[in-house]
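With positions in the sequence shown counted from 1, the corresponding number in my numbering is that position plus 6. Following: one structure in structure tokens, then a few remarks.
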Amino acid sequence: NNTVQIKSIEDSLSTQIQKTINEIKNNIKKNIDFEFDIEENWKWKRLISWLDKLHSGDLISKISKDLEILKNQESDLVKDLVEISAWMHLKKRVTKKQKEALASFALSMKKYGMGSGKYAPKHLNDARNSLKIGGSAVPVWIMPVNMIHQLFPDPKAGMFDIVIFDEASQVDTRGLNIAYIGKKLLVVGDDEQVSPTTFTTQSKVTDLITRYISDVPNSHQFSNTSSLFDIAKIKMTDMITLTEHFRSVGKIIGFSNALSYNGTLKILRDQLPKHRLDPILEAIFVKNGYEETNAKVNKPEAKKIVEKIKEMLKEDRYKETDEEGQTRSVTFGIISLLGKDQQKYITKLISEEISSNEIEKRKIICGDAYTFQGDERDVIFLSMVKAPDLHNPEKTIPSYSRNTKANKQRINVAMSRAKNKIILFHSIPKDKLTNPDDLRKKILDWFYNNKTEERKAGIQAIREEVNRGRASEFEYEVAKILINAGYKVIPQYEVAGYRIDLVIQGENAKLAIECDGDKYHNRIEAWQADIERQQIIERAGWTFWRVTGSAFYRYKEKALDSLWSKLEELNIKPQI
């Protein structure tokens, strides 16, 4: 009976603690005394069973993918719901008379055109009369400041629920009277970009302020150089600062980020290698460039720019781009950093040497910083214009000081209009300028010294990050496997003001790797912060793959199975 009972116990326990049973049997055969901490062994086996159960469910990568699909479906449904609801509501509230008035308004404005025709005043008056009938049927009106004055000649206080001023840093104080028609105001602008220009003297403005609005608080700020945004900063103290930047790639917007925004911008735009118009920063020294005596024109620079544009128009990589999900022509813009004479001359050359079809298709225009305020192009050509004195080459070039707000604003705008590439044309040798505060020197330094050191690849680079306390041993172990497999791994990759544990860089794609240490991520608030960070970076086009420490250290090969699948899906190949 005892033998049967022992056999029964052995059969029951062997499925749970087989190693322990085998060791007991071996010790009995060898007649060896032994002691076992059954309680400790049992605790260990329970822990293993718990981990097996924990890791038997869906992988984090699968859960993340399912979550992404559901989020996209939800977003599409919300958009459809809002659009359909808006149109249904509008259809119900618009009367037949209002529909007719709005159709008449659209036709009158089309006839009005640029407002230069013989019957333009009549067409504008017809549009104004139609608007009196149909205006209230349209919930949102978008128009320039001058058109508001023309189409709403009899304004009433609070006739609109909200008035939104976009690019308010370009609107002068005359925009204040438009604020009168709104119950609430939303003022959007950037005082680090160009301010309004005026031909009215400051003395005349000061006299008007003294005579008519001296009793208004801070009335001295209502000057000929103050923008609506400047005034709003005084009157509307609850300001929200937007720091996420989506237009330009890092090498381009990095200049403005350092110059005007103290490095606070979170750059959320990046490009895959196949889309890059390398080199992103290109400087062309025009050795024979000179500035006209009686005009701020540098003809050699202008001709070089037009020649370069004509060359690029023939290159396939500058014909079309589809990085945003739709094919379109690569667009060009030219900015003169000194005066309007250069832009006029370049515009003349372009009209003579480039077809009107290309000009329209590529949106080719030449202007100064004011022209491009609020605008963008794929490629921007910068003409520095300024050149050494032909008659006295050693003569010092006057400094273009960064301490002048207007200069700083113009340079900020000029250097931040390009999405993918900037080409600088300059006639000043890069070592000619020595004043560290000279904005021209800063531009030249940015173009010629921007060869940032490549991130250290390989196992040693990861180890250094660990030694500095920015990466974990867990990240090191994962990276070592990837590097030994031939992948290019970048540790602690910074994007949008955040750091990604590891990034695998391929020829046409990249993958963000997050190594979730279980000790840290046991706190729910840590998980939530990590997911929020991931969602922000995903908005910039990144794809994530995550792995937990417990899964990796128990079964490394199994834990990385989904990673190899993800790399194959993204067509990221080993480089060795």
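The beta carbon of each residue, even a glycine, is placed where N, CA and C say it ideally should be. Bear in mind that the values here come from a model prediction, so they are computed numbers and not experimental data.
Closest by C-alpha distance to residue i, when choosing among the options
i	options	result
Leu130	Asn152, Ala143, Val146, Ser142	Asn152
Ser478	Lys103, Gly555, Val501, Ile154	Gly555
Asn490	Ala264, Gln498, Gln466	Gln466
Gly547	Val501, Ile578, Lys562	Val501
Leu191	Lys241, Gly121, Ala126	Lys241
Ala92	Gly141, Asn37, Pro145, Gly492	Pro145
Ile468	Phe453, Trp452, Lys486	Lys486
Tyr406	Lys320, Gly140, Ile12, Ile434	Ile434
Lys354	Ala308, Lys325, His95, Arg334	Ala308
Ala163	Val169, Tyr186, Ile154	Tyr186
Thr243	Glu46, Ile352, Val193, Lys305	Val193
Asp322	His281, Pro306, Ile352	His281
Thr207	Val292, Lys36, Ser229, Lys189	Ser229
Glu400	Ala412, Lys438, Glu364, Asn37	Lys438
Lys71	Leu343, Pro580, Leu569, Ser18	Leu569
Ser55	Met149, Thr21, Ser262	Thr21
Ile248	Asn32, Asp197, Val211	At residue 248 the sequence reads Leu, which differs from the Ile that was named. Cα-wise, what sits closest to Leu248 is Asp197.
Proximity test, Cβ basis, 9 Å: residue i and chain D
i	result
Gly380	Annotation note: the requested chain D is absent from the structure, which comprises a single protein chain.
C-alpha gap between residue i and residue j, whole angstroms
i	j	result
Ser266	Lys369	28 Å
Tyr448	Gln79	As written in the sequence, residue 448 is Lys, which differs from the Tyr given in the question. C-alpha separation (whole angstroms): 47 Å.
Ile215	Val222	9 Å
His226	Ala238	14 Å
Ala112	Leu87	28 Å
Ile496	Gln511	7 Å
Asp160	Glu106	22 Å
Cys372	Ile290	18 Å
Ser81	Ser220	52 Å
Ser201	Glu173	10 Å
Asn514	Ile537	25 Å
Phe558	Ile246	43 Å
Lys325	Ser335	6 Å
Gln498	Ile506	5 Å
Lys49	Pro279	52 Å
Met104	Lys97	This sequence places Gln at residue 104; Met is not what is there. Taking the straight line joining both Cα atoms gives about 11 Å.
Arg461	Tyr454	Since pLDDT at Arg461 reaches only 35, below the 50 mark, its modelled position is unreliable, and no value is offered.
Tyr125	Tyr218	38 Å
Lys572	Phe480	20 Å
Ile360	Lys310	14 Å
Tyr561	Thr9	39 Å
Phe188	Ile90	It should be pointed out that residue 188 corresponds to Gly in this sequence rather than to Phe. Looking at the two C-alpha atoms, the distance is approximately 27 Å.
Asn426	Pro306	25 Å
Asp328	Gln277	12 Å
Asn528	Gln534	Confidence is the limiting factor: at Asn528 the pLDDT is only 49, short of 50, which leaves the residue's position unreliable and the question unanswerable from this model.
Arg583	Gly503	An answer regarding residue 583 cannot be provided, because it is not within the stretch 7 to 582 covered by the chain.
Ser209	Ser362	45 Å
Residue i vs residue j beta-carbon contact at 9 Å
i	j	result
Thr101	Ala143	yes
Phe4	Met165	Residue coverage of the chain in this structure runs from 7 to 582, which leaves residue 4 outside it and unanswerable.
Gly195	Leu234	yes
Leu566	Val509	no
Phe338	Leu388	no
Gln349	Asp374	yes
Ile428	Val385	yes
Glu544	Glu250	no
Arg383	Arg423	yes
Gly140	Leu182	no
Ile356	Val312	yes
Glu176	Gln199	The displayed chain sequence assigns Gln, not Glu, to residue 176. Closer than 9 Å, so yes.
Pro580	Gly492	yes
Met120	Ala133	no
Val303	Asp236	no
* Meets three-Cβ-pair contact criterion under 8 Å: the segment 277-290 and the segment 241-261 -> The segment 277-290, when compared against the segment 241-261, does touch it at the 8 Å Cβ threshold.
* Asked: Is there contact between the segment 510-519 and the segment 550-564, where contact requires at least three CB pairs shorter than 8 Å?
  -> Yes, they touch.
* To do: Kindly provide the ranges of any beta strand (DSSP E) runs that are 3 or more residues long and lie completely inside the segment 142-194, ordered along the chain.
  => Counting only runs of 3 or more residues that sit fully inside the segment 142-194, the beta strand (DSSP E) segments are 166-171, 188-193, in chain order.
* To do: Please determine if the segment 272-282 and the segment 434-444 are in contact, where contact requires at least 3 C-beta pairs separated by less than 8 Å.
  => Here the segment 272-282 does not lie against the segment 434-444, with fewer than 3 beta-carbon pairs under 8 Å apart.
* Below 8 Å, can you find three or more Cβ-Cβ pairs linking the segment 416-423 to the segment 362-382? -> Verdict: yes, contact present.
* Asked: Which full runs of the beta strand (DSSP E) of 3+ residues lie inside the segment 336-371, going along the chain?
  -> For the segment 336-371, whole beta strand (DSSP E) runs of length 3 or above, ordered along the chain, are 338-342.
* To do: Would you check if there are 3 or more beta carbon pairs closer than 8 Å linking the segment 392-399 to the segment 289-300?
  => Short answer: they touch.
* Asked: Enumerated in chain order, which unbroken segments of the alpha helix (DSSP H) with a length of 4 residues or greater are wholly contained in the segment 507-582?
  -> List check, alpha helix (DSSP H) in window: 524-527, 530-544, 555-560, 562-565, 567-575.
* Of all the alpha helix (DSSP H) runs that stay within the bounds of the segment 403-438, which reach a length of 4 or more residues? -> Taking only runs of at least 4 residues, the alpha helix (DSSP H) segments lying wholly in the segment 403-438 are 411-420.
* Can you check the segment 96-131 for any alpha helix (DSSP H) of at least 4 residues that lies completely inside it and give the ranges in chain order? => If we require 4 residues or more, the alpha helix (DSSP H) runs fully inside the segment 96-131 come out as 102-118.
* **Inside the segment 255-331 only - alpha helix (DSSP H) runs reaching at least 4 residues** => Scanning the segment 255-331 from its first residue to its last, the whole alpha helix (DSSP H) runs of 4-plus residues come out as 256-266, 305-320.
* Within the segment 207-240, ranges of the beta strand (DSSP E) (whole runs, at least 3 residues) -> None, since the segment 207-240 contains no complete beta strand (DSSP E) of that length.
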